[in-house]
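Student: Pasting in a structure now, in structure tokens, and then I'll have a few things to ask.
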Amino acid sequence: MTQTSTRSPSTAIRPRRIAVHDYCGHPFQFELSRELARRGHDVRHFFFAGDAGPKGATQRQPDDPDSFSVEPIAIGSTYSKTNLIRRRQADVLYGKVAGQRLEAFAPDVIISGNTPLEAQASIIKSADRAGSAFVFWMQDFYSLAAAKILERKIPLLGHAVAAYYRHLEARMLQRSDRVVVISEDFLGTLQELGVERKKTEVIPNWGALTEMPERPRDNAWATAHGLADKFVFLYSGTLALKHNPDLLWQLARHFEGDPEVRVVVVGAGVSFDMLRARREAEHLANLVLLPLQPMEVFADVLGSADVFVALLENDAGPFSVPSKVLSYLCAGRPTLLSAPSDNLSARVLARAGAGEAVPAGDAEALIGAATRLRNEPQTRARLGRAARRYAETTFDISLIADRFEDVFAAALRDKVGRSTRSSKAVAEESGRHTSILRS
């Protein structure tokens, strides 16, 4: 059951011009932007048009308020996640372009998340030039994730480069007017990076519940893809370097003798391409690979599943929660998660009582849990009900937007206070110089 905002008219936040920048373009950030616009704010949602991952409703909808707009950002070149040099060059270029677009919008406040650090640095500079308050929406410690990759790929220089990224991330967090993190687990590391607790707010991520109603198994999308009468293990979303495609392959191979089972991967990314090449070479018929689907059919895509699958490798940060897991909860189906035991997504799933988690990379454990779920319809039904119940009680966008409005108001107060103190300091310094000259 969803709730509504508890704000009274006397405590409502006055309308502001708000730039929401989510590099990835995920569904739940779009949901926030639309809710803020419905409250009278002038909201523009920015995202990277070249990112291949799943997107929210990127086009204006018939019921969108006039004060809501979307601006995709393109850089005119292909983005490579595998070539580190080209990737950094693209991140720097993206930051310049995004910063210019955000600055041109002239918002009162900018909130930016899921953004490579070099790009985020440019956006913070643009916020300063525009006189905008800046909120750093932190989904993961980028510097920690980068350190694992860099030290593996370039052992000699990796440590030094990782130290640079840690310093860069710390400086940006310190410069931000407010920091939003998705778990209290972040707070200790933020303190180590010199970030004041009083300017940090914990707001967990959520699934876009309004965009993802429960759908029947036998729906139009499932029928069109020959899945309505099959048992479907579904993976939906990016398959990147931190996801092991071999687990999906082994899952499909295990159920190859069961004519009712399909392992369906709706995705994109480096590991998705690897999986497709392997299927073409080895002809595994029950492995169905499809491109990412548009948001307007996404609820039916999720509705076609009997069991969802989510994967994270040991290299994934302990704070990373794939947005797909939160979307899965909205759909009312159980989730089979392969992830490090200390990962936040495993704890979210356990808290919801909505699935089974197995150690990252453990194919035997994954197949064992999948077999149990395949054979126990009552267990699947119980876990699915728990998933939807958790989503309905936790992902209320009205209450979530209340909290973001409070963050924006605090960021604006701090921005004004800091500007006033800075102007006073400049005036006092100027006065001292004038006195010296007169004497």
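Note that my numbering gives residue 181 to position 193 of the sequence shown, counting from 1, and the numbers run on in steps of one. Ideal Cβ positions, reconstructed from N, Cα and C, are used throughout, including at glycine. Keep in mind that this is a model prediction, so the values were computed, not measured.
#1: Please go through the same chain and pick out, in chain order, the residues whose beta-carbon is closer than 7 Å to the beta-carbon of T395, but skip the five residues on each side of it.
#2: Give the C-beta separation of L239 and V251 to the nearest angstrom, bearing in mind that I take them to be a contact with Cβ-Cβ under 8 Å.
#3: For L299, which of helix, strand or coil comes out of DSSP?
#4: Quick check on F396: does DSSP put it in helix, strand or coil?
#5: Straight-line CA distance for V336 to Y378?
#6: Under the rule that 16 or more other beta-carbon atoms within 10 Å means buried, what is T103, buried or exposed?
#7: If you count every other CB in all the chains shown that lies within 10 Å of the CB of Q17, and 16 or more means buried, which is it?
#8: What are the start and end residues of each continuous beta strand (DSSP E) run of 3 or more residues lying completely inside the stretch 66 to 136, in chain order?
#9: Is the number of C-beta pairs between the stretch 1 to 12 and the stretch 387 to 402 that are closer than 8 Å three or more?
#10: Going by C-alpha distance, which of R203, C318, K312, R373 is nearest S333?
#11: Given a threshold of 16 other Cβ atoms within 10 Å of its Cβ, counted over all protein chains shown, does H9 qualify as buried or as exposed?
#12: Assign L278 to one of three DSSP states: helix, strand, or coil.
#13: From the DSSP output, in three-state form, read off P60 for me.
#14: What does the alpha-carbon distance come out to for the pair L371 and S329?
#15: Mapping the DSSP letters down to three states, classify Y11 as helix, strand or coil.
#16: Please list, in chain order, all residues of the same chain as R27 whose beta carbon is under 6 Å from its beta carbon, the five residues on each side excluded.
#17: Per DSSP, T198 forms a beta bridge with which residues?
#18: From I6 to E393, what does the alpha carbon distance come to, in whole angstroms?
#19: What are the boundary residues of the alpha helix (DSSP H) that R377 is part of?
#20: By how many angstroms is the C-alpha of N274 removed from the C-alpha of M160?
#21: In the DSSP assignment, find the beta strand (DSSP E) that holds A452 and state where it starts and stops.
#22: Given A338, which residues of its chain have a CB within under 8 Å of its CB, disregarding the five upstream and five downstream residues?
Tutor: This is what the structure holds:
#1: Note on identity: in this sequence residue 395 is Val, with Thr being the wrong assignment. Only V123, R166, V168, E189 meet the Cβ criterion.
#2: 5 Å
#3: Strand.
#4: helix
#5: 10 Å
#6: When all chains shown are included, T103 counts as buried.
#7: buried
#8: Segments of the beta strand (DSSP E) lying fully in the stretch 66 to 136: 97 to 101, 121 to 126.
#9: yes
#10: K312
#11: buried
#12: strand
#13: strand
#14: 20 Å
#15: coil
#16: Cβ neighbours of R27 within its own chain (closer than 6 Å, five residues either side excluded): none.
#17: Answer is none; T198 lacks a bridge partner.
#18: Take the alpha-carbon of I6 and the one of E393: they are about 10 Å apart.
#19: Segment 365 to 382, the alpha helix (DSSP H) holding R377.
#20: 47 Å
#21: This structure does not reach residue 452, given that the chain is present from -11 up to 427, and the question cannot be answered.
#22: Correct list, in chain order: A345.
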